[in-house]
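See below for the structure under consideration.
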Amino acid sequence: MSKKITLLGSTGSIGTQSLDVIRMQGYTVFGLAAYSNIDLLLKQIVEFCPQYVVVVESNAAQKLGTQLLGLKNPPQLMVGKEALVELAALQGADIVLNAVVGIAGLAATLAAIESGKDVALANKESLVTGGHLVTDAVKKHGVKLLPVDSEHSAIFQCLQDVHSAKALDKVILTASGGPFFGKTINELQNVTKADALKHPNWSMGAKITIDSATLMNKGLELIEAAWLFNKPCDKIDIVVQRQSIIHSMVQFDDNSILAQLGVPDMRIPIQYALTYPERYKSPAPVLDFKTLKSITFDEADEETFRCLKACKKSLKKGGLASCAANGANEQAVELFLQDKIKFLDIGRVVESMVDHIQVKPDYTLAEVFDCDKYAREYVLSQI
Ligand code: NDP
Ligand code: MG
Numbered sequence: 006m007s008k009k010i011t012l013l014g015s016t017g018s019i020g021t022q023s024l025d026v027i028r029m030q031g032y033t034v035f036g037l038a039a040y041s042n043i044d045l046l047l048k049q050i051v052e053f054c055p056q057y058v059v060v061v062e063s064n065a066a067q068k069l070g071t072q073l074l075g076l077k078n079p080p081q082l083m084v085g086k087e088a089l090v091e092l093a094a095l096q097g098a099d100i101v102l103n104a105v106v107g108i109a110g111l112a113a114t115l116a117a118i119e120s121g122k123d124v125a126l127a128n129k130e131s132l133v134t135g136g137h138l139v140t141d142a143v144k145k146h147g148v149k150l151l152p153v154d155s156e157h158s159a160i161f162q163c164l165q166d167v168h169s170a171k172a173l174d175k176v177i178l179t180a181s182g183g184p185f186f187g188k189t190i191n192e193l194q195n196v197t198k199a200d201a202l203k204h205p206n207w208s209m210g211a212k213i214t215i216d217s218a219t220l221m222n223k224g225l226e227l228i229e230a231a232w233l234f235n236k237p238c239d240k241i242d243i244v245v246q247r248q249s250i251i252h253s254m255v256q257f258d259d260n261s262i263l264a265q266l267g268v269p270d271m272r273i274p275i276q277y278a279l280t281y282p283e284r285y286k287s288p289a290p291v292l293d294f295k296t297l298k299s300i301t302f303d304e305a306d307e308e309t310f311r312c313l314k315a316c317k318k319s320l321k322k323g324g325l326a327s328c329a330a331n332g333a334n335e336q337a338v339e340l341f342l343q344d345k346i347k348f349l350d351i352g353r354v355v356e357s358m359v360d361h362i363q364v365k366p367d368y369t370l371a372e373v374f375d376c377d378k379y380a381r382e383y384v385l386s387q388i
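Dropping the structure here:
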């Protein structure tokens, strides 16, 4: 069946891989959105002919506006961060795939849900910062929230048998361990951003690649899993699986375990979110067990990688503690990428933020954004 898709964050790592899937499935693109990469966005517009396009950054939007004049059937151009939210809510798309990075994706996720559309969610920060708003909205509007993150897609795939799903005891999240697996605090003192940007298995955007090196990504995924599968922190285990072949597992009440395997290629989970509940041919290669040889397991070192510890603490603390952890991390990663702080400072400030923040159980969207701002300012005051 042909579907109409709105793709937010189309110029990123997930965005471009989503377009590979959309091309292969012959789906229609209703809307595309990016921050400022108009060169790539223009190529995407020419190929996929969307009805609407959003550019968040206004100078880039102005330039694109001029370039669109040369097209036969140009899309309607919308500008600014409010336009991202408007596009997410526009009637005409069957599903919104949110592949924006950071808390910048939250309002659009909520808008898509509130307008009655299913959401394929790559933007894990939506659930980390506003988990209770997002899950309440999903219930209220009766839409589907389909995970794109490979681990959560794996868990979701393992839970398709509704009878077993009722007996879910534990979620077992796998982690690659990132480029610094096995390193001591001493060895991490002077690692550079070039070292941190070299991920062993996945090619991703800069922010999530740093998050993988600090294990913040696994911490964010722990929180994401808690919201998606309604499990407390002590029912979510983390296991390092260096080859990224087992994408995650579920353990049932009878101690039986199901796992989802495949090559590390995001086009598999992206496609499952878009074609759900059907499965079709994928552009991703098959897993070759003859060349794989072994699958290994290790423990995650949360004493060295403090971000993971901080995220666990934030999940137990509840309220906006996870939002504060995320805001502190977004600010810290930005500073690290500008060479203004060291690698280990990221974990230090994220944990300090979580220890420091006062929380109450409920919150509004305005309070989420206030908390995010507060966390960023907190980090800037600590360096
Ligand atoms: P990228 O940095 O590669 O891409 C981010 C996309 O979001 C780009 O299209 C970018 O536009 C756009 N964007 C950036 N800032 C804003 C903003 N303020 N408002 C609107 N759009 C914005 O990130 P990834 O594709 O790697 O990650 C996207 C999301 O998916 C993240 O939440 C990440 O955690 C999650 N994810 C990613 C995986 C991966 O393999 N990459 C795996 C699992 C989850 P522009 O190009 O113009 O800057
Ligand atoms: Mg993941």
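With positions in the sequence shown counted from 1, the corresponding number in my numbering is that position plus 5. For glycine and all other residues, C-beta sits at the position ideal for the given N, C-alpha and C. Since the structure is predicted, the reported quantities are computational estimates derived from the model, not experimental observations.
#### Entry: Between the CA atoms of Asn78 and Ser169 - distance to the nearest angstrom
50 Å
### Message
Assess contact between the stretch 273-292 and the stretch 154-164, defined as three or more Cβ pairs (one per stretch) separated by less than 8 Å. Is contact present?
### Response
yes
### Task
Taking 8 Å as the threshold, find out whether the stretch 58-78 comes into contact with the stretch 231-251 through three or more Cβ pairs.
no
#### Entry: Closer than 7 Å: Glu308 CB and nearest the ligand MG heavy atom
no
### Query
Taking the DSSP output, what are the residues bridged to Lys68?
In the DSSP output, where bridge partners are listed per residue, Lys68 has none listed.
### Message
Any heavy atom of the ligand NDP inside 7 Å of the beta-carbon of Glu372?
### Response
no
### Query
Relative to the C-alpha of Ile190, which residue among Glu307, Trp207, Phe294 and Gly332 is closest?
Glu307
### Task
Flag Tyr57 as yes when its Cβ comes closer than 7 Å to any non-hydrogen atom of the ligand NDP, and as no otherwise.
no
#### Entry: In chain order, each beta strand (DSSP E) run of at least 3 residues that lies wholly inside the stretch 289-360
none
### Query
Cβ-heavy atom distance between Glu226 and the ligand MG below 7 Å?
yes
### Query
If you follow the alpha helix (DSSP H) that Met254 is part of, which residue opens it and which one closes it?
Careful: Met254 lies outside any alpha helix (DSSP H), inside the beta strand (DSSP E) at Ile251 to Phe257.
#### Entry: Supposed close pair Lys212, Gly107 - CB separation, criterion 8 Å
7 Å
### Query
Going along the chain, which unbroken runs of the beta strand (DSSP E) with 3 or more residues stay wholly within the stretch 172-257?
173-180, 241-245 and 251-257
### Task
Give the DSSP-derived three-state secondary structure of Thr16 in the structure shown.
coil
### Query
When the Cα atoms are used, what is the spatial distance from Ala142 to Val373?
15 Å
#### Entry: Element boundaries [alpha helix (DSSP H), containing Ala93]
Lys86 to Ala94
#### Entry: Val153 versus Ser23 - alpha carbon distance
10 Å
### Query
Run through DSSP, which three-state label would Val105 get?
coil
### Message
On the DSSP letters alone, give me the boundaries of the alpha helix (DSSP H) that Val133 sits inside.
### Response
Glu130 to His146
### Task
Answer yes or no: the CB of Asp154 versus the heavy atoms of the ligand MG, is any distance below 7 Å?
yes
### Query
Where do the ends of the alpha helix (DSSP H) carrying Ala170 lie?
Val167 to Ala170
### Query
Three or more C-beta pairs closer than 8 Å, one from the stretch 301-320 and one from the stretch 175-190: is that the case here?
yes
### Task
Determine the burial state of Phe53: buried for a count of at least 16 other Cβ atoms within 10 Å of its Cβ, exposed for fewer.
buried
### Task
Hey, could you find the ends of the alpha helix (DSSP H) Leu111 is sitting in?
Leu111 to Glu119
### Task
Using 10 angstroms around the beta-carbon of Ala172, count the other beta-carbons present and answer buried if the total reaches 16, otherwise exposed.
exposed
### Task
Check whether the stretch 13-21 touches the stretch 35-51, counting contact only when three or more Cβ pairs, one atom from each stretch, lie closer than 8 Å.
yes
### Query
For the 8 Å Cβ check, are there 3 or more pairs between the stretch 82-90 and the stretch 98-116?
yes
### Message
To the nearest angstrom, how far is the alpha carbon of His146 from that of Tyr368?
### Response
19 Å
### Task
Classify Pro152 as helix, strand or coil using the three-state DSSP reduction.
strand
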